[in-house]
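Participant:
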Amino acid sequence: MRHTITILVENQFGVLARVSGLFSARGYNIDSLCVAETLDPAVSRMTVVVRGDDRVLEQIMKQLNKLVETIEVKDLTQEDHVERELVMVKVAADNKIRSEIVEIATIFRAKVIDIGKEAMTVEVTGSEGKIEAFVDMMRPFGIQELVRTGKIAIARSPK
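In terms of our numbering, the sequence shown is residues 483 to 641.
Shown next as structure tokens:
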């Protein structure tokens, strides 16, 4: 099972290396990892997607909580939360097919962020499924380059 874990950590040199080292030292593969400062520049939020059963997850959570720089660890998998990914796709696009790509982008609420003579770059955010569907729609045009963020997530506010 895939788990989405958020970790609040002190924003210090080497923390990312310690967290990722914790996973690799125990043989756990990270599917996705995103890190950025929070509103407080002294604190960073990591969003980590990892596969494993409940025993693996429990072990990961315990190990993360042992790190000195860890402030809070949460498994959002079973909580009500919102998650998004971002992808930028550079696709071959001459004058003849640009309008078709723009139509598809519009359906996916994507943005064209760069246009050249022979290619265009489109950005889209959404769920993993939406991202996969968009990439599949772009494949026939000839994807030249693709950059993807991985998942970010936040717990929903109580109703």
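The C-beta atom is built at its ideal place from N, Cα and C for all residues, glycine as well.
Look at the Cβ atom of ILE634, then the Cβ atom of GLU554, and state whether they are nearer than 8 Å.
Facilitator: Going by C-beta atoms, ILE634 is not nearer than 8 Å to GLU554.
Participant: Check each candidate in VAL491, ASP596, ARG638 and ILE583 and name the one with the smallest Cα separation from THR552.
Facilitator: When only C-alpha atoms are compared, the closest one is VAL491.
Participant: In whole angstroms, give me the CA-to-CA distance for GLY624 and MET543.
Facilitator: About 41 Å.
Participant: Given a threshold of 16 other Cβ atoms within 10 Å of its Cβ, counted over all protein chains shown, does ARG527 qualify as buried or as exposed?
Facilitator: Its Cβ being crowded by 16 or more others within 10 Å, ARG527 is buried.
Participant: Just the Cα atoms here: how many angstroms apart are ASP522 and ASN493?
Facilitator: For ASP522 and ASN493, the distance between alpha carbons rounds to 9 Å.
Participant: Looking only at DSSP bridge pairs, what is ILE597 linked to?
Facilitator: BP columns for ILE597 point to MET602.
Participant: Closer than 8 Å by C-beta to ARG580: which residues in its own chain qualify, once you throw out the five before and the five after it? Chain order, please.
Facilitator: Excluding residues within five positions, the ones whose Cβ falls inside 8 Å are ILE597 and MET602.
Participant: Going residue by residue through the segment 541–626, where are the continuous beta strand (DSSP E) segments of at least 3 residues, counting only ones entirely within it?
Facilitator: The segment 541–626 contains these whole beta strand (DSSP E) runs: 552–557, 563–574, 593–597 and 601–608.
Participant: Drop a sphere of 10 angstroms on the beta-carbon of MET483, count the other beta-carbons inside from all chains shown, and report buried for 16 or more, exposed for fewer.
Facilitator: Exposed, because fewer than 16 other Cβ atoms sit within 10 Å of the Cβ of MET483.
Participant: Exposed or buried, which one is THR488 when buried takes at least 16 other CB atoms within 10 Å?
Facilitator: The residue is buried, with at least 16 neighbouring Cβ atoms inside 10 Å.
Participant: So what does DSSP say about ALA635, is it helix, strand or coil?
Facilitator: Correct three-state label for ALA635: strand.
Participant: By the three-class DSSP mapping on this structure, what secondary structure does LEU521 have?
Facilitator: Three-state DSSP puts LEU521 in coil, outside helix and strand.
Participant: Measuring CB to CB, does THR631 end up less than 8 Å from LEU568?
Facilitator: Yes, the pair counts as a contact, with Cβ atoms nearer than the cut-off.
Participant: So, are the CB atoms of VAL584 and LYS593 less than 8 Å apart?
Facilitator: Taking 8 Å as the Cβ cut-off, VAL584 and LYS593 do not qualify as a contacting pair.
Participant: Return the first residue and the last residue of the alpha helix (DSSP H) that ARG484 is part of.
Facilitator: Element bounds for ARG484: not the alpha helix (DSSP H) but the beta strand (DSSP E), 484–492.
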